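Chemist: Numbering (our numbering), first residue to last: 197 to 492. Have a look at the structure that comes next, please.
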Amino acid sequence: MTAKLISGAEIAAQIREEIKQEVLQLKMKHSLTPGLATVLLGSDPGSLSYISGKEKTAKELGFYSARIDLPESTSQKDLLAIIDKLNKDPKIHGILIQEPLPKHINTAEVNYAIEPKKDVDVFNPVNVGRLMIGDADLLPCTPAGIQQMLIRSGVQIDGAEVVVVGRSNIVGKPIANMLMQKDKGANATVTLCHTHTKDIASHTRRADILIVAAGRPKAVTADMIKEGAVVIDVGVNQIGTSKSGKRILVGDVDFENVKEKASMITPVPGGVGPMTITMLMLNTLKAAKIAAGLIE
Ligand code: NAP
């Protein structure tokens with residue numbers, strides 16, 4: 197069996213088109229333009245590329261986009277003052293502070309400082325707590341992207357055995373949490389594995405849906421999966437550079453062999469990656485609608 201590809205690029209394009217149409221309607225009917233502020237400290241090439249992508253997508257979708265570039269030496273106090281200003285700015289519905297932040301910045305304090313209603317990355321512990329109790333307005337971007345890929349590919353999540361490999365705060369823990377909620381697109385039985393899990397393969401082989409976010413190339417091989425499983429590969433690992441200078445990227449799953457056993461699989465690149473920015477835009481749209489009283 198060769199698995200069907202779940203194309204994050206295609207699903208993301210579809211959701212972006214839906215957002216674009218909704219933004220047009222909001223502008224016409226309610227004079228409302230969703231606004232996203234993106235803040236970058238320093239000039240790390242990776243962070244620059246990520247933040248430019250977010251700014252570009254926001255503009256393409258018809259959002260108001262405010263880009264704030266700050267020197268790497270910006271103090272904690274000054275950054276918190278900028279966040280406070282954005283928290284109070286009615287044109288801004290979403291605030292994104294590009295991480296990782298320089299070492300002298302207290303990231304936890306920054307995450308707390310972002311107004312929860314504008315916390316489109318869902319890093320503020322208030323929103324993380326709301327996610328835990330099944331009361332979230334905004335969903336963390338990469339996990340929300342994974343959930344949308346499953347739903348829009350017609351994967352049965354309700355009652356499924358889901359195994360997540362990796363327990364980071366941005367992927368593993370929140371996706372495990374979301375899929376176990378008593379809710380639509382959830383109701384799964386979830387197992388979370390990490391480096392202290394004994395005999396990982398005994399867990400992954402039970403999975404109807406296997407989600408891998410370990411940051412290790414080929415951490416999951418074909419002998420570790422069940423015939424017909426749905427495999428979501430979140431990993432992005434650079435294993436080299438091509439002659440033309442392009443980064444060679446692979447996921448955490450041994451794609452070539454696993455695809456012969458899985459029923460569906462996400463590629464890397466072109467899988468989960470394109471969904472993450474799209475979910476950030478969806479959060480900003482939702483935050484704008486909540487701020488305008490259009491939804492509760
Ligand atoms: P992270 O913070 O480095 O966490 C990795 C997790 O995987 C840890 O919990 C670690 O366990 C676990 N782990 C590592 N090797 C393992 C192994 N061999 N077996 C079982 N568990 C293992 O990673 P992250 O931020 O979640 O990112 C994971 C990957 O996803 C990275 O490649 C990252 O680039 C990618 N990513 C992609 C997107 C996207 O939009 N496509 C977004 C976010 C992340 P311990 O806790 O025990 O150390």
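A virtual CB, placed ideally from N, CA and C, is assigned to each residue, including glycine. A quick note: this is a predicted structure, and the numbers were derived from the prediction, not measured.
1) Looking at the unbroken alpha helix (DSSP H) that takes in Thr400, where does it start and where does it end?
2) Under a Cβ-count criterion, where at least 16 other Cβ atoms within 10 Å of its own Cβ denotes burial, should Pro365 be classed as buried or exposed?
3) So what's Ser261 in DSSP terms, helix, strand or just coil?
4) Can you check the region 255-310 for any beta strand (DSSP E) of at least 3 residues that lies completely inside it and give the ranges in chain order?
5) Can you grab the Cα-Cα spacing for the pair Leu388 / Ile202, in whole Å?
6) I need the boundaries of the beta strand (DSSP E) containing Leu232, first residue and last residue.
7) Around the C-beta of His511, are 16 or more other C-beta atoms found within 10 angstroms, so that it is buried, or is it exposed?
8) Pick from Gly238, Gly231, Leu237, Leu236: whose alpha carbon is nearest that of Thr253?
9) What would DSSP say about Leu388, mapped onto helix, strand or coil?
10) Would Val430 pass as an interface residue toward chain C - the criterion being a Cβ-Cβ separation below 8 Å?
11) Let me know the secondary structure DSSP gives Asp419 once reduced to three states.
12) Is the beta carbon of Val454 closer than 8 Å to that of Gly431?
13) Quick one: Cα of Thr270 to Cα of Ala277, how far?
14) Given that a residue counts as buried once 16 or more other Cβ atoms are within 10 Å of its Cβ, and exposed if not, what is Gln217?
15) Would the C-beta of Ala208 count as close to the ligand NAP, meaning under 7 Å from any of its heavy atoms?
16) Should the region 470-486 be regarded as contacting the region 282-290, the criterion being three or more beta carbon pairs within less than 8 Å?
Modeler: On the basis of the supplied data:
1) Looking at the DSSP string, the run of the alpha helix (DSSP H) that includes Thr400 is 396-400.
2) First, the amino acid is wrong: residue 365 is Asn here, not Pro. Answer is exposed; the Cβ neighbour count stays below 16.
3) Strand at Ser261.
4) You should have 260-266, 290-293.
5) Leu388 and Ile202 have their alpha carbons spaced roughly 22 Å apart.
6) 231-237 is the extent of the beta strand (DSSP E) around Leu232.
7) This structure cannot settle anything about residue 511, because the visible part of the chain is limited to 197 through 492.
8) The shortest C-alpha separation from Thr253 is found at Gly231.
9) Note: Leu388 maps to strand in three-state DSSP.
10) Among the chains in the structure shown there is no chain C, since it carries only a single protein chain.
11) The answer is helix: DSSP assigns Asp419 an H, G or I state.
12) No, Cβ-Cβ distance for Gly431 and Val454 is not below 8 Å.
13) A straight line joining the alpha-carbon of Thr270 with that of Ala277 spans about 11 Å.
14) Residue environment: Gln217 is assigned as exposed (fewer than 16 neighbouring CB atoms within 10 Å of its CB, all protein chains considered).
15) Not a single heavy atom of the ligand NAP lies less than 7 Å from the C-beta of Ala208.
16) Touching, per the Cβ criterion.
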